[in-house]
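Chains as they are written, first to last, in our numbering: chain A, 1 to 107; chain B, 108 to 229.
Beta carbons: idealized from backbone N, C-alpha and C, even for Gly.
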């Protein structure tokens with residue numbers, strides 16, 4: 001199975017900050033990687049698929065990129081509604097696996 | 108609007124069984140693969156099982172293989188999972204999730220239900 005390691009596991013940031021979350025895969029696969037946002041007591045919401053494609057309705061301040069086994073989610077200017085936990089997930093190799101999550105908290 | 112509504116959760120003793128269902132609406136159910144994803148208390152997400160659009164192909168995580176059976180009824184737009192021989196480590200919120208792909212699962216989940224709690228405890 002491909003292990004997905006997210007970093008950091010948590011971070012504190014202010015509204016307006018640029019935030020970057022990294023997800024590293026244990027081995028190379030294609031760019032079939034997704035990012036999800038989960039708020040407390042809510043279901044995950046898909047943000048990005050195929051490493052860099054934005055889901056419909058997702059604000060353009062969210063972006064994703066890939067380089068080898070490293071994948072990055074960037075929030076260009078953090079908004080109050082962005083405080084949540086973010087998960088990466090690879091679907092390029094069976095079984096699909098998730099990263100451990102990154103909790104974005106208010107500084 | 109896509110809607111996925113899980114039901115059937117609750118408290119069950121170790122070794123017991125439970126059947127979860129997910130009622131789908133707002134999209135052409137029989138064109139999409141479907142999946143179950145779970146989240147243990149305070150933990151991350153774990154893929155559990157997937158089924159193709161026709162129901163002819165099923166896929167399981169090693170942690171549930173041989174104990175869980177996924178199925179679907181396309182005439183009723185319903186996804187199910189029969190969970191047998193339940194263990195304490197199966198305690199989680201179980202989410203029904205729509206696969207982005209038509210046909211077989213691609214394992215990218217573009218819509219999720221609100222989740223339902225399953226607790227395995229004596």
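N- and C-terminal bounds of the beta strand (DSSP E) containing residue i
i                     : result
residue 126 (chain B) : 125-132
residue 103 (chain A) : 102-106
residue 181 (chain B) : Residue 181 (chain B) -> no beta strand (DSSP E), and no H or E assigned at all.
residue 6 (chain A)   : 4-7
residue 208 (chain B) : 199-209
residue 49 (chain A)  : 45-49
residue 109 (chain B) : Counting along the chain, residue 109 (chain B) falls outside any beta strand (DSSP E), and DSSP gives it neither H nor E.
residue 74 (chain A)  : 70-75
residue 216 (chain B) : 216-219
residue 123 (chain A) : With chain A represented from 1 up to 107, any question about residue 123 (chain A) goes unanswered, as that position is not in the structure.
residue 81 (chain A)  : Careful: residue 81 (chain A) lies outside any beta strand (DSSP E) and carries neither H nor E.
Rounded separation between residue i and residue j - CA only
i                     : j                     : result
residue 121 (chain B) : residue 15 (chain A)  : 46 Å
residue 55 (chain A)  : residue 62 (chain A)  : 10 Å
residue 229 (chain B) : residue 38 (chain A)  : 30 Å
residue 230 (chain B) : residue 207 (chain B) : Not covered by the structure: residue 230 (chain B). The range shown for chain B is 108 to 229.
residue 196 (chain B) : residue 227 (chain B) : 8 Å
residue 169 (chain B) : residue 95 (chain A)  : 9 Å
residue 11 (chain A)  : residue 17 (chain A)  : 12 Å
residue 156 (chain B) : residue 80 (chain A)  : 34 Å
residue 5 (chain A)   : residue 52 (chain A)  : 18 Å
residue 210 (chain B) : residue 83 (chain A)  : 35 Å
residue 109 (chain B) : residue 68 (chain A)  : 34 Å
residue 138 (chain B) : residue 205 (chain B) : 10 Å
residue 144 (chain B) : residue 107 (chain A) : 31 Å
Cutoff 8 Å: residue i Cβ touching any chain A Cβ
i                     : result
residue 213 (chain B) : yes
residue 221 (chain B) : yes
residue 193 (chain B) : no
residue 154 (chain B) : yes
residue 134 (chain B) : no
residue 149 (chain B) : no
residue 175 (chain B) : no
residue 68 (chain B)  : Since the first residue of chain B shown is 108 and the last is 229, residue 68 (chain B) is not available in this structure.
residue 180 (chain B) : no
Test: residue i CB closer than 8 Å to a CB of chain B
i                     : result
residue 105 (chain A) : no
residue 59 (chain A)  : no
residue 46 (chain A)  : yes
residue 96 (chain A)  : yes
residue 101 (chain A) : yes
ask   = What residues in the stretch 63-90 of chain A bring their beta carbon closer than 8 Å to a beta carbon of chain B?
value = Interface annotation for the stretch 63-90 of chain A against chain B: 87, 89, criterion Cβ-Cβ distance under 8 Å.
message = By the 8 Å beta-carbon criterion, what residues does the stretch 200-212 of chain B contribute toward chain A?
response = Along the stretch 200-212 of chain B, the positions whose C-beta sits under 8 Å from a C-beta of chain A are 202, 207, read in chain order.
query = If you measure beta-carbon to beta-carbon, which residues of the stretch 155-173 of chain B are closer than 7 Å to chain A?
reply = Flagged, chain order: 168.
task = Scan the stretch 33-44 of chain A for residues whose Cβ lies nearer than 7 Å to a Cβ of chain B and list them as they occur along the chain.
result = Residues of the stretch 33-44 of chain A with a C-beta atom less than 7 Å from some C-beta of chain B are 34, 43, 44, listed in chain order.
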